[in-house]
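Have a look at the structure below before the remarks.
Number of protein chains: 4
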Amino acid sequence: MAEQVHYAHPFDDDKLREECGVFGVIGVTDAASFVALGLHALQHRGQEAGGIVTYDPEGGFHQARRMGYVRDNFTSRDVMDTLPGTLGIGHVRYSTSGDKGPAVIRNVQPFFGEFAIGGAAIAHNGNITNAVALRRELIERGSIFQSSSDTECIIHLMARSMGRTLVDRMEDALRKVEGAFSVVAMTRTKLVGVRDPLGIRPLVVGRLGSGWVLASETCALDIVGADFLREVEPGEMVVISTDKGLESFFPFRPRKPRFCIFEHVYFSRPDSLIGGRSVYETREAIGIELAQEAPVDADLVCPVPDSGTPAAIGYARASGIPFGMGIIRNQYVGRTFIEPTEQIRNMGVRLKLNVNRALIQGKRVILVDDSVVRGTTSRKIKEMVLDAGAREVHFRIASPPTAWPCFYGVDTPNREKLLAANMSEEEMRSHLGVDSLRFITLDGLYRAVGEAGGRDPLSPRYCDACFSGDYPVAPADMLDQGFEMKTAAE
Amino acid sequence: MAEQVHYAHPFDDDKLREECGVFGVIGVTDAASFVALGLHALQHRGQEAGGIVTYDPEGGFHQARRMGYVRDNFTSRDVMDTLPGTLGIGHVRYSTSGDKGPAVIRNVQPFFGEFAIGGAAIAHNGNITNAVALRRELIERGSIFQSSSDTECIIHLMARSMGRTLVDRMEDALRKVEGAFSVVAMTRTKLVGVRDPLGIRPLVVGRLGSGWVLASETCALDIVGADFLREVEPGEMVVISTDKGLESFFPFRPRKPRFCIFEHVYFSRPDSLIGGRSVYETREAIGIELAQEAPVDADLVCPVPDSGTPAAIGYARASGIPFGMGIIRNQYVGRTFIEPTEQIRNMGVRLKLNVNRALIQGKRVILVDDSVVRGTTSRKIKEMVLDAGAREVHFRIASPPTAWPCFYGVDTPNREKLLAANMSEEEMRSHLGVDSLRFITLDGLYRAVGEAGGRDPLSPRYCDACFSGDYPVAPADMLDQGFEMKTAAE
Amino acid sequence: MAEQVHYAHPFDDDKLREECGVFGVIGVTDAASFVALGLHALQHRGQEAGGIVTYDPEGGFHQARRMGYVRDNFTSRDVMDTLPGTLGIGHVRYSTSGDKGPAVIRNVQPFFGEFAIGGAAIAHNGNITNAVALRRELIERGSIFQSSSDTECIIHLMARSMGRTLVDRMEDALRKVEGAFSVVAMTRTKLVGVRDPLGIRPLVVGRLGSGWVLASETCALDIVGADFLREVEPGEMVVISTDKGLESFFPFRPRKPRFCIFEHVYFSRPDSLIGGRSVYETREAIGIELAQEAPVDADLVCPVPDSGTPAAIGYARASGIPFGMGIIRNQYVGRTFIEPTEQIRNMGVRLKLNVNRALIQGKRVILVDDSVVRGTTSRKIKEMVLDAGAREVHFRIASPPTAWPCFYGVDTPNREKLLAANMSEEEMRSHLGVDSLRFITLDGLYRAVGEAGGRDPLSPRYCDACFSGDYPVAPADMLDQGFEMKTAAE
Amino acid sequence: MAEQVHYAHPFDDDKLREECGVFGVIGVTDAASFVALGLHALQHRGQEAGGIVTYDPEGGFHQARRMGYVRDNFTSRDVMDTLPGTLGIGHVRYSTSGDKGPAVIRNVQPFFGEFAIGGAAIAHNGNITNAVALRRELIERGSIFQSSSDTECIIHLMARSMGRTLVDRMEDALRKVEGAFSVVAMTRTKLVGVRDPLGIRPLVVGRLGSGWVLASETCALDIVGADFLREVEPGEMVVISTDKGLESFFPFRPRKPRFCIFEHVYFSRPDSLIGGRSVYETREAIGIELAQEAPVDADLVCPVPDSGTPAAIGYARASGIPFGMGIIRNQYVGRTFIEPTEQIRNMGVRLKLNVNRALIQGKRVILVDDSVVRGTTSRKIKEMVLDAGAREVHFRIASPPTAWPCFYGVDTPNREKLLAANMSEEEMRSHLGVDSLRFITLDGLYRAVGEAGGRDPLSPRYCDACFSGDYPVAPADMLDQGFEMKTAAE
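If you read the protein sequences in the order shown, they are chains G, Z, D and L. First residue of the first sequence: 1, per UniProt numbering; consecutive thereafter. First residue of the second sequence: 1, per UniProt numbering; consecutive thereafter. First residue of the third sequence: 1, per UniProt numbering; consecutive thereafter. First residue of the fourth sequence: 1, per UniProt numbering; consecutive thereafter.
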């Protein structure tokens, strides 16, 4: 059903996109303001829409959901005054791509459900790989869905659980769910965080005075002034209340963790900590590794801003070639130009990036980017750089070729649109029209993120399905829809 | 949960208010435009919000729901273009009173549900008297409610029904429901109309070329150029499809009909037909009856506009006293002044009515109004008329004293706020400060609506619970909440 | 220049339309609220847009101007809090017709000007007949116009005046202006009201406690609880300050007054007083006169609502034929349906009016309307009435044939579109397709408004140019544009 | 007068702010789209509001003005379709600071005036230093101002000029104006660019196919695909028409140019060319110069993003100390959080910047920033860096101490709020609480921008009043208001 539709014209459709960020807080005055700040810090994980739910004993549960940025929707007194309470959770969400249909407010999280034993709200980062089947079954039994979101399944499973407490019901529900889920939820008195057994998506806990915070990344702890305590462990459920503090449960069958390696490469913010190390440093290390694996004689190492910058700095340092910002990003580009005219739409990448002609002219330039997805933007950047008078253009990519779609909460094009799924490295070089093109190897990437021995093919430490096709959870719904897994031959 | 809240400041809070109007159409090009026109004609039955659902084979179900008038929301190409299809239903809804909480878009009908056997939308005029109990039971079994509306129960009952077709499921669902319901619903191919066994609320069928129309009142047939066919009968379910035309079913145990007598007095539009007679004529007849029952020597018969006008015309004709519009209504008063300043709020009735001083001055004035609810407006009108120099003020009321709340789809104050529940006629006269006050008798009202013998106390033809306390359906939820029915003594 | 354009689709384009209402108040707390209330009471004089200017010693002048109804724009605390002060003026304005271009906020009054000797704001009801010439001359000398409104000339003439005080400058400016003007203006300390020497448009003064009010009509005094003092006299300038009270000046060469007779027929509200008599009573008298001039044998006298009602009551009383509301007006019709779909646009008059079939059927019906302009609506109403089964239809019109455009502040179609400018009475009857059509005579109208001897052709007491073509002020700009005055022969 | 007010809460109030960017184009299809793109590229010069005027022979002049970003206002078909034509100009504008009053749409440029000889529109970057006096005089003579903008004086001076052509009138007007002005204007057939005799603000010309472009910076040529032709020279007026091409005039008495040196340091975009050299390179050179003037032993050179980055790169290269992004900028910070709650407002700089803890910890850090204005942000950044565990913090500033306000189109705090106007360098270091603080010298800055010999005190090549107090044009209005120029002693 189409209702209150918002279209977005994505100018960044040549990037993989994290689909969500989650945040929760308990035991603070004006929880909603903290949630808003946390979501603002997590805005890079989802720019299409955001939502906040709070609870206060007098007024019950309160909810506000809006299309657009946190800073535009969740800062005015008008809105924030409707969200009283000392306990709250929030969610930011990325626009699903055009073919999945336009964005509607009904799909914006957190979702709320009133159960016989009280109400609960839930926000989810990840993707439930058996959501279609679960939904079908729930509808058969009389559940009515409000949204087309996979997350709503969790609420309905909770509604049908016989568990005595909401937390029991959540445990019940999540046991039926497959895929990636970092969940932040709340009841009237508890803040709950859960991570799937593989721990594909991140989730951290912090202390804020006598209160507690859950967040997708540590940068969201920093903004509210919370101290980083630890990561929620894969397969762990933390239940936090003001009286009992943090209680930890492990409701799922244990599995070897497989954290998403692309969080290191691109998704997470450079100032976040993962595994005790700053993402920025990891990216610099990727650049250093890349300089060793794929050196080239040149005059300038130039990042594709902003995501390529740390790797470019590392590459420049390791290679001794000067670092320079040959491409400038217009900081006033939003995610969308609403219904642009033909003329403006055609401008494409020029709305966002401009070449620093004087710096580039006559030089052999190494462009460092985080990844190549469709290759459309890479081609345009190459053209801009050549137009500006570069003598040679060499692409160095801080991740291996992206050849497989992600089914764990990242918006990926179909395989046929992934450049690396259809071309060899040399074909890609020729297609992009550059003097050389090199990706970091998967082993090199593992080394850069701290696995001195590279990737253990029998038991890899990370989920790297987008590079390797090795999916740690079978994507049940997609297999039903005809997706073909990698065969032994590939 | 509070979300997207709209407050209204009711200036007409001294009237009983119908809570809904419904409309549906099948077999026409651009169904949504017809629905919008029909809802516009039914706007007097609900001014707070409106919604339309349509279906077209390519795009599926489409929905738009908005706070405010039909003319402001459902006429622009922008909105109407999102509602394609040859089949559609719609709903207008009145603001629930302040103590029931602010209005939210989630509560706006039609409601839509996706079932295992396809989708359906439903719009409802009336009130389900066992909704609280049904809701409690449905939640126990795992249903998740989107709204606080009683109507949503029907959708959940349908979702849980084992019926093979949506129409079977609707029958199933409505059999569990008590109270008043005139329902218009749709599936992908069928338009359905149902009236509760007592037929408390109205519902009519019309033909529009080769298509069909369902509507709360005949005035909505007139606006779209449809021909009035007949009323949907109490307890009847009509199922209309383009291939089979209209099929009629009687799924409920038959009962003696009890149509709402207040539809004649106030709710329905004067140009609508009920029982083959125009509401205008009935109201004129009420005025004539009232002149005979309660004559008084005076110089001017003056209606309280606009609802008192036909009865005043009848009173003037029968009494021979000149008719004159001594009170003028400002036609630019909407239902609400949004968050008015103190000064403006205090203006109250003056924002809406002004006295025609020159006409009133020095005269003995008979004011004819349709009803007295709280009496607050009546007092203010009396003051305005006296300030303008009237010598005497006589109130004549076109309905009996309103002493009991309605539980069948009308917004009534609590009993303690109903003037007639707490005062004798003489006490009311004194409280209003007028020279005389007379209500039509219940028998007189029955005579005026066509029952020559007056009211048959053993088997009254109408629901007149608001006057008599004789409730044809026990208001289960209200009894649970402590409402006391009339005892034999009263 | 097009800027912030609002289109309106007029459903009432078969009426003459007053273009403005003005209101001012001094010496009260929260002047803006009073202005808003006054404008609300004057909304019938202009529904397109409204504006308010206030002054307070700390903040200076404040202004808010909006498209749409007063009740929608000037009641929220948000807006009203930006308009502090004890002195304020306001204006409501009618949409100029489509061919004059779309409505823009720049044209909304009051206009404000900062002069060397302080600021002033001005609001104007009427039309300056030499505005085009004045504007041309002012632009030659370096004035820059913000709007396309004729009223702005007054501000520029004031800016260029050498007068020592703002009131002197206003006097200076208005002496150069021809046509109809009822002006309400303000400086930092004074409220000023001026009426042109002919007194074509109305303007009244009232007392509100120790404060003062100026308004287009007395109904705007009633709503704020002010006492009617007197009319501002033709050619009079009243200057009101809290220290000196009301001072009266007569700056213009005296002329014999020519008040607009159409204010009696249609423009003014029935509850307003003009010349000591209620407009309602005058209209009733018109109906009585019309019954005597143009009797017909029939079964029902039916007004075309709402404006035809008082004359219909008079006609019914004088003729003895029963009065009945055979046509019902939908009270939820606004002035506009924004960008309606084709289907909705085609509904035309049905969106607004519906026939009370049961009342009309088989009857000989006299329809009483206030005027016939283009005749388009009259034809549609006749069709609706015949479709409903009327046996005969007789039109009786409460004004003479409208054969000439108004140049004094009323929106009139071009002469070629005025039915009466192009057809004889019999041709009109045949064009409308009714059994009989009769207009009140000009003499009859004069008698009804209180001139026992009818119209004095040598020195008529009213401006009746729209009926007679006898223009009391030569319309200079229009003559320049080729308009042809009535010749002796006509 | 307060009207349609928009408040902004500036989070960057510790920066000097360019107040405007201008753009114009002639001889292209759909000029408005090009203007929108150009303004988008110039958004860093003004984020509060923007406006576009176009002309087409059928519809005349068209205008749209909006608060907010270009990308949010000037990309939808809705708005752009109202701006047809092959000739257009536009303007972006920065919010004036709070004490100058809230922003209103009336102040948004371009301004338009209808003169006796036709219409013209004008957009202006700079500041007219005798605007108050001019305005007073114009009001004396009867001009009525629509805005409080200094630019409106130019339109009124043009209206009063006796010049035969609009271009003559513009020449006339600009001769009376003192201060800084880079003007882009248009008539029905001509695009005009003018730069004040000192050439304080930038203005460049480009070719776009057979059309022409004027823009504040070359980055706006790049985005529309125009070729850079040359800078408009100080004191030059270029008049461009499709038939005669570009004509050049020098209407003012010649003076030695004094281009704003701060455009190099901060205002202009790094990818723009000034004087044939990229701004990025100049900033790198400033960093190199700074490393030589003010070396310090440390572990990390860290820019304050984004404006400090190029200088930090230069500093790192010259010093050999590693470059690292120890401070991360949240790219989703807009200029404003609308009416933020107390809690959110207090977050201040944390909403925008976060420290990369892992990178900073235990290090001696050199922070490179472009300037210090009030010092408030610098203090907060220092605290964040120390909290993150830095061992030492050294500030290196890429401009000399900002000790004097700018009166030529830049928003500067009053002198008493400028840190450097009130403290010695050592006092500032102690106030900021850092281990060392060093500014580049004025001579060093001149060397970095290409003056090998440093600043010539007798005839400096740049306007450097903000550093030196040496104002090339006496700020007449400010002197009237009591501003004290630097004395010989200072």
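Backbone N, C-alpha and C fix where the C-beta goes; we use that ideal spot for every residue, glycine too.
Whole-angstrom C-beta distance between residue j and residue i, which should lie under 8 Å
{"i": "I284 (chain D)", "j": "A311 (chain D)", "result": "What sits at residue 284 (chain D) in the sequence shown is Glu, not Ile. That pair is a contact at about 7 Å."}
{"i": "P197 (chain L)", "j": "S182 (chain L)", "result": "Not a contact, Cβ separation roughly 12 Å."}
{"i": "M162 (chain Z)", "j": "A185 (chain Z)", "result": "19 Å between Cβ atoms; not a contact."}
{"i": "V92 (chain G)", "j": "L42 (chain G)", "result": "6 Å"}
{"i": "A121 (chain Z)", "j": "I89 (chain Z)", "result": "6 Å"}
Per DSSP, cross-strand counterpart(s) of residue i
{"i": "R360 (chain Z)", "result": "Note that residue 360 (chain Z) is Ile in the sequence shown, not Arg. None; I360 (chain Z) has no bridge partner."}
{"i": "D227 (chain L)", "result": "L:R207"}
{"i": "G118 (chain Z)", "result": "Z:F115"}
{"i": "N330 (chain L)", "result": "Answer is none; N330 (chain L) lacks a bridge partner."}
{"i": "residue 493 (chain L)", "result": "Lying before the first or after the last residue shown, residue 493 (chain L) is absent from chain L, which here runs from 1 to 490."}
{"i": "Y462 (chain Z)", "result": "Z:F259"}
{"i": "Y55 (chain L)", "result": "L:F61 and L:L87"}
{"i": "residue 540 (chain D)", "result": "Absent from the structure is residue 540 (chain D), since the part of chain D shown begins at 1 and ends at 490."}
{"i": "R71 (chain L)", "result": "Paired residues: none, contrary to the question."}
{"i": "E247 (chain G)", "result": "G:V239"}
{"i": "E18 (chain L)", "result": "L:V410"}
Cβ-heavy atom distance, residue i to the ligand SAM, below 8 Å
{"i": "V410 (chain G)", "result": "Among the components of this structure there are no ligands whatsoever, and the ligand SAM is therefore not found."}
Three or more beta-carbon pairs under 8 Å between the stretch 393-405 of chain Z and the stretch 467-475 of chain Z, yes or no?
Short answer: they touch.
With 8 Å as the limit, tell me which residues of the stretch 303-324 of chain G have their beta carbon closer than that to any beta carbon of chain L; keep them in chain order.
For the stretch 303-324 of chain G, which is checked against every Cβ of chain L, the residues closer than 8 Å are D306, T309, P310, I313, R317, P322, F323 and G324.
Short of 8 Å Cβ to Cβ, which residues in the stretch 259-279 of chain L face chain G?
For the stretch 259-279 of chain L, the set of residues with a beta-carbon nearer than 8 Å to any beta-carbon of chain G comprises R269, P270, D271, L273, R277 and S278, in chain order.
At which residue ranges does the stretch 139-191 of chain L contain complete alpha helix (DSSP H) runs of 4 or more residues, listed in the order of the chain?
Here the runs fully enclosed are 152-160 and 166-175.
Contact residues within the stretch 30-51 of chain G, judged by C-beta distance below 9 Å to chain L
Taking 9 Å as the cut-off between beta carbons, the residues of the stretch 30-51 of chain G near chain L are D30, A32, S33, F34, A36, L37, H40, A41, Q43, H44 and Q47, in sequence order.
Enumerate, from N- to C-terminal direction, the unbroken alpha helix (DSSP H) stretches of 4 or more residues contained entirely within the stretch 408-439 of chain L.
Taken in chain order, the complete alpha helix (DSSP H) segments of 4 or more residues contained in the stretch 408-439 of chain L are 419-422 and 425-432.
Below 8 Å, can you find three or more Cβ-Cβ pairs linking the stretch 311-325 of chain Z to the stretch 287-299 of chain Z?
With a cut-off of 8 Å, the stretch 287-299 of chain Z and the stretch 311-325 of chain Z count as touching, because enough Cβ pairs lie within range.
Which residues, in chain order, does the stretch 152-163 of chain G contribute to contact with chain Z at a C-beta distance below 7 Å?
Correct list: I155, H156, A159 and R160.
Could you list the residues in the stretch 347-367 of chain D with a C-beta less than 8 Å from some C-beta on chain Z, going in chain order?
Of all residues in the stretch 347-367 of chain D, only M347, R350, L351, N354, V355, N356, R357, A358 and L359 come within less than 8 Å of chain Z when Cβ atoms are compared, listed by chain position.
Touch check for the stretch 372-388 of chain D and the stretch 417-426 of chain D: three-plus C-beta pairs under 8 Å?
Contact holds: three or more Cβ-Cβ distances are below 8 Å.
Could you list the residues in the stretch 203-236 of chain L with a C-beta less than 7 Å from some C-beta on chain G, going in chain order?
Result list: C219, D222 and I223.
Does the structure place the stretch 437-457 of chain G close enough to the stretch 104-114 of chain G that three or more beta carbon pairs sit under 8 Å?
Contact between the stretch 104-114 of chain G and the stretch 437-457 of chain G is not established, with fewer than three Cβ pairs separated by less than 8 Å.
Would you call the stretch 170-179 of chain G and the stretch 30-47 of chain G touching, i.e. three or more CB-CB distances under 8 Å?
With the cut-off at 8 Å, the stretch 170-179 of chain G and the stretch 30-47 of chain G do not touch.
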